[in-house]
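In terms of numbering that gives the first Met the number 0, the sequence shown opens at residue 0 and continues consecutively. No residue lacks a Cβ here, since even glycine has one placed at the ideal position from N, Cα and C. So the structure is just underneath, and the comments pick up after that.
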Amino acid sequence: MPLRCLLIDDNDAFLEAARVLLEQQGVQVAGMASNIAGGLRQARALRPDVILVDIGLGEESGFELARLLAADGQDGQWAQRGRADVILISAQAETDYTDLIAECPAAGFLHKPELSAQRISQILNRQLRVGQPGFQLAGTAIGRLPGRRGQANARS
Numbered sequence: 000m001p002l003r004c005l006l007i008d009d010n011d012a013f014l015e016a017a018r019v020l021l022e023q024q025g026v027q028v029a030g031m032a033s034n035i036a037g038g039l040r041q042a043r044a045l046r047p048d049v050i051l052v053d054i055g056l057g058e059e060s061g062f063e064l065a066r067l068l069a070a071d072g073q074d075g076q077w078a079q080r081g082r083a084d085v086i087l088i089s090a091q092a093e094t095d096y097t098d099l100i101a102e103c104p105a106a107g108f109l110h111k112p113e114l115s116a117q118r119i120s121q122i123l124n125r126q127l128r129v130g131q132p133g134f135q136l137a138g139t140a141i142g143r144l145p146g147r148r149g150q151a152n153a154r155s
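Written out as structure tokens, the structure reads:
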């Protein structure tokens, strides 16, 4: 089962380029959004496995969106289906945001020039529990993540 991804970035050209790249590498891009409201709406409706969130969403903050998505998972919004893992993305280096990333409930950080299914897999693999069923991501099986909804074959 391919990994289902939601892309959230305020740059339309990046969204399209990222969608094409990830789909070529076996990731199913379930949706795209350009701001916090759209991102929350899409996340709740689409229930992706992973959400890539740009740190700088115009006048809005990707850190704030990551916190809101984490709160959704804790207040019961996604209780029965598990919440998606958030990976923060930016064209800026991770060192520019070290403290903010450390305080954020995201699974990790991905530098935009390094965007690939393999890098997403590496970030998600840091959280795996040994022996759980996996996703197929760019030809490589990765295990189920804690808090995920159901089994891989139970998703539609």
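Would you grab the beta carbon distance between residue i and residue j for me? Rounded to a whole angstrom, and I think it's under 8 Å.
{"i": "L56", "j": "N34", "result": "6 Å"}
{"i": "R66", "j": "P104", "result": "6 Å"}
Distance, Cα to Cα, residue i vs residue j?
{"i": "L6", "j": "D95", "result": "22 Å"}
{"i": "D84", "j": "Q41", "result": "14 Å"}
{"i": "L20", "j": "P112", "result": "12 Å"}
{"i": "A12", "j": "G30", "result": "15 Å"}
{"i": "L114", "j": "A36", "result": "24 Å"}
{"i": "R18", "j": "S89", "result": "16 Å"}
{"i": "A16", "j": "L68", "result": "24 Å"}
{"i": "G38", "j": "E59", "result": "12 Å"}
{"i": "D71", "j": "L99", "result": "20 Å"}
{"i": "E102", "j": "R125", "result": "17 Å"}
Determine the closest residue to residue i out of the options, with distance taken between C-alpha atoms.
{"i": "L45", "options": "L2, K111, A105 and H110", "result": "L2"}
{"i": "F62", "options": "D8, C4, M0 and A16", "result": "D8"}
{"i": "A106", "options": "V49, E93, D53 and A32", "result": "V49"}
{"i": "F108", "options": "L87, D71 and E15", "result": "L87"}
{"i": "C4", "options": "L14, T97, L99 and P47", "result": "P47"}
{"i": "N10", "options": "Q91, D53 and M0", "result": "D53"}
{"i": "A92", "options": "H110, E102 and A101", "result": "H110"}
Quick one: what does DSSP say residue i is sitting in, helix, strand or coil?
{"i": "R3", "result": "strand"}
{"i": "S120", "result": "helix"}
{"i": "V26", "result": "coil"}
{"i": "I54", "result": "coil"}
{"i": "A105", "result": "coil"}
{"i": "L87", "result": "strand"}
{"i": "A32", "result": "strand"}
{"i": "R128", "result": "Confidence in R128 is poor, its pLDDT being 39 and thus under 50, which makes the residue's placement unreliable; the coordinate value appears in the next sentence. Note: R128 maps to coil in three-state DSSP."}
Looking at the ligand NAP, does it come within less than 6 Å of residue i, judged from the CB to the closest heavy atom?
{"i": "S89", "result": "Ligands displayed in this structure: none; no statement on the ligand NAP is therefore possible."}
- Item | Cβ pair count under 8 Å reaching 3, the segment 23-30 against the segment 112-125 | yes
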